[in-house]
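In UniProt numbering, the protein residues as written are 1 to 330.
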(Lines of atoms letter the chains of each structure in order from A; the text may use other names.)
(Lines give C-alpha, C1' and ligand atoms only; values in the text may rest on other atoms or scores of the structure.)
Protein backbone atom coordinates (compact mmCIF):
# COMPACT_ATOMS: atom_id res chain seq x y z
CA UNK A 1 0.00 0.00 0.00
CA UNK A 2 1.41 3.40 -0.98
CA UNK A 3 2.37 5.98 1.62
CA UNK A 4 0.20 9.11 1.77
CA UNK A 5 0.69 12.65 3.05
CA UNK A 6 -1.67 11.74 5.89
CA UNK A 7 0.66 8.90 6.93
CA UNK A 8 3.67 11.22 6.99
CA UNK A 9 1.71 13.85 8.94
CA UNK A 10 0.76 11.32 11.62
CA UNK A 11 4.33 10.08 12.02
CA UNK A 12 5.76 13.62 12.15
CA UNK A 13 2.89 14.86 14.37
CA UNK A 14 2.16 17.83 12.09
CA UNK A 15 -0.74 18.83 9.86
CA UNK A 16 -1.15 17.55 6.30
CA UNK A 17 -0.75 21.15 5.13
CA UNK A 18 2.66 21.36 6.79
CA UNK A 19 3.74 18.14 5.08
CA UNK A 20 2.49 19.51 1.75
CA UNK A 21 4.55 22.68 2.20
CA UNK A 22 7.68 20.67 3.03
CA UNK A 23 7.30 18.30 0.08
CA UNK A 24 6.63 21.14 -2.36
CA UNK A 25 9.34 23.48 -1.04
CA UNK A 26 6.87 26.22 -0.14
CA UNK A 27 7.20 28.90 2.56
CA UNK A 28 5.52 28.87 5.96
CA UNK A 29 7.54 26.10 7.60
CA UNK A 30 10.75 26.05 9.67
CA UNK A 31 13.93 24.58 8.21
CA UNK A 32 14.15 22.00 11.02
CA UNK A 33 10.57 20.77 10.51
CA UNK A 34 11.00 20.66 6.74
CA UNK A 35 14.19 18.58 6.99
CA UNK A 36 12.51 16.15 9.38
CA UNK A 37 9.48 15.70 7.13
CA UNK A 38 11.65 15.14 4.05
CA UNK A 39 13.74 12.61 5.96
CA UNK A 40 10.64 10.64 7.00
CA UNK A 41 9.21 10.82 3.46
CA UNK A 42 12.45 9.44 2.03
CA UNK A 43 12.59 6.62 4.59
CA UNK A 44 9.02 5.64 3.71
CA UNK A 45 9.77 5.81 -0.06
CA UNK A 46 6.98 8.33 -0.48
CA UNK A 47 6.04 9.03 -4.11
CA UNK A 48 3.61 11.90 -4.73
CA UNK A 49 0.49 11.15 -6.75
CA UNK A 50 -0.09 14.58 -8.25
CA UNK A 51 -3.01 13.49 -10.41
CA UNK A 52 -4.91 12.00 -7.49
CA UNK A 53 -4.24 15.07 -5.36
CA UNK A 54 -5.42 17.33 -8.14
CA UNK A 55 -8.64 15.40 -8.67
CA UNK A 56 -9.30 15.34 -4.94
CA UNK A 57 -9.00 19.13 -4.78
CA UNK A 58 -10.92 19.70 -8.01
CA UNK A 59 -7.85 20.91 -9.87
CA UNK A 60 -6.52 20.34 -13.37
CA UNK A 61 -2.88 20.49 -12.22
CA UNK A 62 -2.13 22.84 -15.11
CA UNK A 63 -0.83 26.40 -15.21
CA UNK A 64 -1.00 28.91 -18.03
CA UNK A 65 1.94 31.19 -18.81
CA UNK A 66 1.68 34.26 -21.03
CA UNK A 67 4.91 35.84 -22.29
CA UNK A 68 5.88 38.06 -25.23
CA UNK A 69 8.09 35.55 -27.08
CA UNK A 70 11.27 33.54 -26.60
CA UNK A 71 13.45 35.35 -29.11
CA UNK A 72 14.73 37.42 -26.21
CA UNK A 73 16.94 35.08 -24.13
CA UNK A 74 15.48 36.67 -20.99
CA UNK A 75 12.06 35.15 -21.71
CA UNK A 76 13.56 31.77 -22.57
CA UNK A 77 15.38 31.64 -19.23
CA UNK A 78 12.27 32.81 -17.38
CA UNK A 79 10.07 30.22 -19.08
CA UNK A 80 12.52 27.45 -18.29
CA UNK A 81 12.57 28.35 -14.59
CA UNK A 82 8.76 28.42 -14.43
CA UNK A 83 8.39 25.08 -16.19
CA UNK A 84 11.01 23.30 -14.08
CA UNK A 85 9.57 24.57 -10.79
CA UNK A 86 5.99 23.76 -11.81
CA UNK A 87 6.98 20.26 -12.91
CA UNK A 88 8.70 19.63 -9.58
CA UNK A 89 5.40 20.11 -7.79
CA UNK A 90 3.32 18.14 -10.26
CA UNK A 91 2.01 20.85 -12.58
CA UNK A 92 2.01 20.92 -16.36
CA UNK A 93 2.65 24.32 -17.92
CA UNK A 94 0.98 25.64 -21.08
CA UNK A 95 2.91 28.62 -22.52
CA UNK A 96 1.37 31.06 -25.00
CA UNK A 97 3.34 33.89 -26.61
CA UNK A 98 1.53 37.14 -27.43
CA UNK A 99 4.22 38.79 -29.59
CA UNK A 100 3.22 42.08 -27.93
CA UNK A 101 -0.31 41.86 -29.39
CA UNK A 102 -3.25 42.62 -27.01
CA UNK A 103 -5.58 40.53 -29.16
CA UNK A 104 -3.30 37.52 -28.82
CA UNK A 105 -3.30 38.06 -25.07
CA UNK A 106 -7.11 38.05 -24.92
CA UNK A 107 -7.20 34.82 -26.94
CA UNK A 108 -4.65 33.27 -24.58
CA UNK A 109 -6.73 34.15 -21.53
CA UNK A 110 -9.86 32.74 -23.13
CA UNK A 111 -7.97 29.58 -24.05
CA UNK A 112 -6.78 29.12 -20.48
CA UNK A 113 -10.31 29.66 -19.19
CA UNK A 114 -11.57 26.93 -21.52
CA UNK A 115 -8.76 24.62 -20.44
CA UNK A 116 -9.64 25.32 -16.80
CA UNK A 117 -6.06 25.96 -15.74
CA UNK A 118 -5.59 26.38 -12.00
CA UNK A 119 -3.67 29.64 -12.34
CA UNK A 120 -1.91 32.00 -14.74
CA UNK A 121 1.49 33.71 -14.73
CA UNK A 122 1.58 36.61 -17.16
CA UNK A 123 3.89 39.28 -18.54
CA UNK A 124 1.03 41.51 -19.58
CA UNK A 125 0.63 43.41 -22.82
CA UNK A 126 -2.41 45.27 -21.47
CA UNK A 127 -3.45 47.32 -18.45
CA UNK A 128 -6.31 49.58 -17.37
CA UNK A 129 -9.67 49.17 -15.62
CA UNK A 130 -11.39 47.37 -18.50
CA UNK A 131 -8.59 44.82 -18.73
CA UNK A 132 -8.61 44.30 -14.96
CA UNK A 133 -12.34 43.61 -15.11
CA UNK A 134 -11.71 40.98 -17.80
CA UNK A 135 -9.14 39.33 -15.54
CA UNK A 136 -11.46 39.36 -12.54
CA UNK A 137 -14.25 37.83 -14.62
CA UNK A 138 -11.98 34.85 -15.37
CA UNK A 139 -12.05 33.88 -11.67
CA UNK A 140 -8.59 32.35 -12.08
CA UNK A 141 -5.67 33.18 -9.75
CA UNK A 142 -3.12 35.36 -11.55
CA UNK A 143 0.43 36.44 -10.75
CA UNK A 144 2.06 39.14 -12.86
CA UNK A 145 5.74 39.44 -13.77
CA UNK A 146 7.61 42.18 -15.62
CA UNK A 147 4.81 44.56 -16.54
CA UNK A 148 2.67 45.49 -13.56
CA UNK A 149 -1.06 45.81 -14.13
CA UNK A 150 -1.93 47.53 -10.84
CA UNK A 151 -1.44 47.15 -7.10
CA UNK A 152 -4.39 44.78 -6.98
CA UNK A 153 -2.42 41.93 -8.55
CA UNK A 154 0.48 40.02 -7.08
CA UNK A 155 3.65 41.13 -8.83
CA UNK A 156 7.08 39.50 -8.90
CA UNK A 157 10.05 41.35 -10.33
CA UNK A 158 12.89 43.75 -9.68
CA UNK A 159 12.75 47.46 -8.96
CA UNK A 160 13.10 48.50 -12.60
CA UNK A 161 13.55 52.20 -11.88
CA UNK A 162 16.27 51.78 -9.25
CA UNK A 163 18.10 49.22 -11.38
CA UNK A 164 18.38 51.55 -14.37
CA UNK A 165 19.19 54.50 -12.13
CA UNK A 166 22.15 52.56 -10.74
CA UNK A 167 23.20 51.59 -14.27
CA UNK A 168 23.19 55.20 -15.48
CA UNK A 169 25.07 56.40 -12.41
CA UNK A 170 27.71 53.78 -13.15
CA UNK A 171 27.98 55.05 -16.74
CA UNK A 172 28.45 58.64 -15.54
CA UNK A 173 31.02 57.51 -12.96
CA UNK A 174 33.12 56.21 -15.87
CA UNK A 175 33.50 59.74 -17.26
CA UNK A 176 30.60 59.93 -19.72
CA UNK A 177 28.68 63.20 -19.92
CA UNK A 178 25.80 62.49 -22.31
CA UNK A 179 23.46 59.53 -22.60
CA UNK A 180 21.75 58.30 -25.76
CA UNK A 181 18.90 56.03 -24.67
CA UNK A 182 17.50 53.49 -27.16
CA UNK A 183 14.03 52.03 -26.70
CA UNK A 184 11.95 51.41 -29.88
CA UNK A 185 8.87 49.92 -28.10
CA UNK A 186 8.11 53.31 -26.53
CA UNK A 187 6.51 54.32 -29.84
CA UNK A 188 3.54 52.18 -28.70
CA UNK A 189 2.76 54.36 -25.68
CA UNK A 190 -0.97 54.34 -25.03
CA UNK A 191 -1.46 51.13 -27.02
CA UNK A 192 0.14 48.52 -24.77
CA UNK A 193 1.44 48.02 -21.23
CA UNK A 194 4.98 49.43 -21.15
CA UNK A 195 5.43 49.49 -17.38
CA UNK A 196 8.89 47.88 -17.38
CA UNK A 197 10.30 50.10 -20.12
CA UNK A 198 8.70 53.28 -18.76
CA UNK A 199 10.19 52.58 -15.34
CA UNK A 200 13.62 52.00 -16.80
CA UNK A 201 13.46 55.27 -18.76
CA UNK A 202 12.34 57.07 -15.60
CA UNK A 203 15.29 55.53 -13.77
CA UNK A 204 17.64 56.76 -16.49
CA UNK A 205 16.31 60.31 -16.17
CA UNK A 206 16.44 60.27 -12.38
CA UNK A 207 19.99 58.94 -12.41
CA UNK A 208 21.15 61.69 -14.75
CA UNK A 209 19.35 64.35 -12.73
CA UNK A 210 20.94 63.18 -9.49
CA UNK A 211 24.36 63.23 -11.16
CA UNK A 212 23.77 66.78 -12.42
CA UNK A 213 23.62 65.78 -16.09
CA UNK A 214 21.17 66.82 -18.80
CA UNK A 215 18.24 64.74 -20.07
CA UNK A 216 19.06 61.74 -22.29
CA UNK A 217 18.56 61.80 -26.02
CA UNK A 218 15.81 59.17 -26.37
CA UNK A 219 15.69 57.23 -29.65
CA UNK A 220 12.40 55.42 -30.25
CA UNK A 221 12.80 54.79 -33.99
CA UNK A 222 12.32 51.19 -35.07
CA UNK A 223 15.40 51.73 -37.23
CA UNK A 224 17.47 52.91 -34.28
CA UNK A 225 20.70 51.88 -35.99
CA UNK A 226 20.05 54.42 -38.74
CA UNK A 227 19.25 57.05 -36.11
CA UNK A 228 22.53 56.35 -34.29
CA UNK A 229 24.53 56.53 -37.52
CA UNK A 230 23.41 60.16 -37.93
CA UNK A 231 24.89 61.21 -34.57
CA UNK A 232 28.47 62.45 -34.26
CA UNK A 233 29.46 60.09 -31.47
CA UNK A 234 33.03 61.37 -31.19
CA UNK A 235 32.12 65.00 -30.62
CA UNK A 236 32.42 66.33 -27.09
CA UNK A 237 31.07 65.86 -24.49
CA UNK A 238 31.84 62.15 -24.14
CA UNK A 239 28.83 59.97 -25.02
CA UNK A 240 27.48 56.56 -24.03
CA UNK A 241 24.56 54.59 -25.38
CA UNK A 242 22.28 52.97 -22.81
CA UNK A 243 19.78 50.25 -23.76
CA UNK A 244 16.98 48.80 -21.58
CA UNK A 245 17.70 45.33 -23.01
CA UNK A 246 20.89 43.60 -24.13
CA UNK A 247 19.31 42.62 -27.44
CA UNK A 248 19.34 46.29 -28.50
CA UNK A 249 22.87 46.83 -27.20
CA UNK A 250 24.16 43.85 -29.18
CA UNK A 251 22.64 45.22 -32.39
CA UNK A 252 24.35 48.53 -31.69
CA UNK A 253 27.67 46.80 -30.98
CA UNK A 254 27.40 44.84 -34.22
CA UNK A 255 26.80 48.09 -36.13
CA UNK A 256 29.84 49.69 -34.50
CA UNK A 257 32.07 46.75 -35.39
CA UNK A 258 30.95 46.85 -39.03
CA UNK A 259 31.75 50.56 -39.17
CA UNK A 260 35.01 50.31 -37.22
CA UNK A 261 33.70 52.41 -34.33
CA UNK A 262 35.65 51.33 -31.27
CA UNK A 263 33.90 50.57 -27.97
CA UNK A 264 34.65 51.99 -25.44
CA UNK A 265 37.42 54.17 -26.94
CA UNK A 266 35.04 56.21 -29.11
CA UNK A 267 31.68 55.61 -27.44
CA UNK A 268 30.44 53.76 -24.37
CA UNK A 269 27.72 51.09 -24.38
CA UNK A 270 25.51 49.77 -21.56
CA UNK A 271 22.90 47.00 -21.76
CA UNK A 272 20.39 45.45 -19.38
CA UNK A 273 19.53 41.78 -18.56
CA UNK A 274 23.05 40.27 -18.67
CA UNK A 275 21.89 37.50 -21.02
CA UNK A 276 24.08 34.40 -21.33
CA UNK A 277 25.14 35.35 -24.87
CA UNK A 278 27.28 38.17 -23.50
CA UNK A 279 29.96 35.79 -22.28
CA UNK A 280 30.82 35.12 -25.94
CA UNK A 281 30.92 38.79 -27.00
CA UNK A 282 33.96 41.06 -27.19
CA UNK A 283 34.22 43.60 -25.76
CA UNK A 284 32.23 42.17 -22.84
CA UNK A 285 29.08 44.27 -22.57
CA UNK A 286 28.41 46.24 -19.39
CA UNK A 287 24.94 45.26 -18.22
CA UNK A 288 22.55 44.82 -15.29
CA UNK A 289 22.18 41.34 -13.85
CA UNK A 290 19.18 40.23 -11.82
CA UNK A 291 17.74 36.88 -10.66
CA UNK A 292 15.65 35.88 -13.68
CA UNK A 293 15.25 32.25 -12.61
CA UNK A 294 14.33 33.31 -9.08
CA UNK A 295 11.60 35.54 -10.49
CA UNK A 296 10.10 32.55 -12.30
CA UNK A 297 10.36 30.25 -9.28
CA UNK A 298 8.89 32.86 -6.93
CA UNK A 299 6.03 33.51 -9.35
CA UNK A 300 5.12 29.81 -9.30
CA UNK A 301 5.27 29.68 -5.49
CA UNK A 302 3.12 32.80 -5.13
CA UNK A 303 0.62 31.50 -7.66
CA UNK A 304 0.23 28.26 -5.72
CA UNK A 305 -0.50 30.28 -2.59
CA UNK A 306 -3.22 32.11 -4.50
CA UNK A 307 -4.61 28.81 -5.81
CA UNK A 308 -4.74 27.59 -2.20
CA UNK A 309 -6.81 30.64 -1.31
CA UNK A 310 -4.08 32.64 0.42
CA UNK A 311 -4.75 35.81 -1.56
CA UNK A 312 -3.42 39.19 -0.52
CA UNK A 313 -4.25 41.89 -3.05
CA UNK A 314 -1.48 44.11 -1.69
CA UNK A 315 1.22 41.47 -1.97
CA UNK A 316 4.06 42.70 -4.14
CA UNK A 317 7.33 40.78 -4.22
CA UNK A 318 10.30 42.83 -5.36
CA UNK A 319 13.55 40.97 -5.88
CA UNK A 320 16.08 43.74 -5.47
CA UNK A 321 19.30 41.83 -5.98
CA UNK A 322 20.26 43.59 -9.18
CA UNK A 323 23.96 43.93 -9.87
CA UNK A 324 25.99 46.06 -12.25
CA UNK A 325 28.19 43.87 -14.45
CA UNK A 326 31.11 46.14 -15.28
CA UNK A 327 32.25 44.45 -18.49
CA UNK A 328 34.54 46.21 -20.96
CA UNK A 329 32.23 48.49 -22.95
CA UNK A 330 32.54 51.64 -20.82
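Don't be surprised by glycine CBs; every beta carbon is placed ideally from N, CA and C.
Assumed close pair residue 92, residue 114 - CB separation to whole angstroms, cut-off 8 Å
On the chain shown, position 92 is the one that residue 92 refers to. On the chain shown, position 114 is the one that residue 114 refers to. Between residue 114 and residue 92 the Cβ distance is about 16 Å, and since that is not below 8 Å, they are no contact.
Grab the span of the alpha helix (DSSP H) containing residue 328 for me, first residue to last.
As a first step, residue 328 is located in the chain shown; it is residue number 328 there, counting from the start. Premise fails: residue 328 is in no alpha helix (DSSP H) and is neither H nor E.
Using CA atoms only, rank isn't needed, just tell me which of 44, 14 and 24 is closest to residue 297.
Numbered from 1 along the chain shown, position 297 holds the residue referred to as residue 297. That would be 24, whose Cα lies nearest to the Cα of residue 297.
Cutoff 7 Å; reference residue 321; Cβ partners in own chain excluding five residues on either side
Residue 321 sits at position 321 when you count from the first residue of the chain shown. Excluding sequence neighbours, residue 321 sits near 290 and 291.
For residue 180 and residue 303, what's the separation of their Cα atoms in angstroms?
Residue mapping note: residue 180 aligns to position 180 of the chain shown, counting from 1. Residue mapping note: residue 303 aligns to position 303 of the chain shown, counting from 1. One C-alpha to the other measures close to 39 Å.
What are the residues that DSSP puts in a beta bridge with residue 289?
Looking up residue 289 in the chain shown gives position 289. Paired residue(s): 323.
Candidates 22, 42, 45 and 107: closest to residue 64 by CA position:
Numbered from 1 along the chain shown, position 64 holds the residue referred to as residue 64. Nearest C-alpha to residue 64: 107.
Work out the CA separation of residue 41 and residue 384 for me, nearest whole Å.
Any property of residue 384 remains undetermined from this structure, which presents the chain solely from 1 to 330.
Along the chain, where does the beta strand (DSSP E) containing residue 122 start, and where does it finish?
Counting from one through the chain shown, the residue named residue 122 turns up at place 122. That run of the beta strand (DSSP E) goes 119 to 122.
Residue 38 to residue 30 span [Cα, whole Å]
Within the chain shown, numbered from 1, the residue matching residue 38 stands at position 38. Within the chain shown, numbered from 1, the residue matching residue 30 stands at position 30. When rounded, the distance between both Cα atoms is 12 Å.
Just to check my reading of the structure: residue 117 and residue 94 have Cβ atoms closer than 8 Å, yes? What is that Cβ distance to the nearest angstrom?
On the chain shown, residue 117 is found 117 positions in, with the first residue counted as 1. On the chain shown, residue 94 is found 94 positions in, with the first residue counted as 1. 7 Å between Cβ atoms; contact.
Could you check what DSSP says for residue 240 in three-state terms: helix, strand or coil?
Counting from 1 along the chain shown, the entry for residue 240 is found at position 240. It is a strand residue.
Does at least one heavy atom of the ligand HEM sit under 6 Å from the Cβ of residue 216?
The ligand HEM is not part of the structure shown, which contains no ligands of any sort.
Residues bridged to residue 178 [DSSP beta-bridge criterion]:
Indexing the chain shown from 1 puts residue 178 at position 178. Its beta-bridge partners are 239.
Terminal residues of the continuous alpha helix (DSSP H) containing residue 277?
For this step, residue 277 is matched to residue 277 along the chain shown. Where residue 277 is concerned, there is no enclosing alpha helix (DSSP H), given that its DSSP letter is neither H nor E.
To the nearest angstrom, how far is the alpha carbon of residue 5 from that of residue 16?
Here residue 5 refers to the residue found at position 5 when the chain shown is read from its first residue. Here residue 16 refers to the residue found at position 16 when the chain shown is read from its first residue. The straight-line gap from Cα to Cα measures roughly 6 Å.
Taking only runs that begin and end inside the segment 165 to 232, name each unbroken beta strand (DSSP E) of 3 or more residues, in chain order.
178 to 182 and 217 to 219
Here's a check: name, in chain order, each residue in its chain whose Cβ is nearer than 6 Å to the Cβ of residue 81, leaving out the five neighbours to either side.
Within the chain shown, the letter at position 81 stands for residue 81. Within the same chain, residue 81 has close Cβ partners 293, 296 and 297.
Within the chosen definition, does the segment 245 to 258 reach the segment 203 to 218 through at least 3 CB pairs nearer than 8 Å?
no
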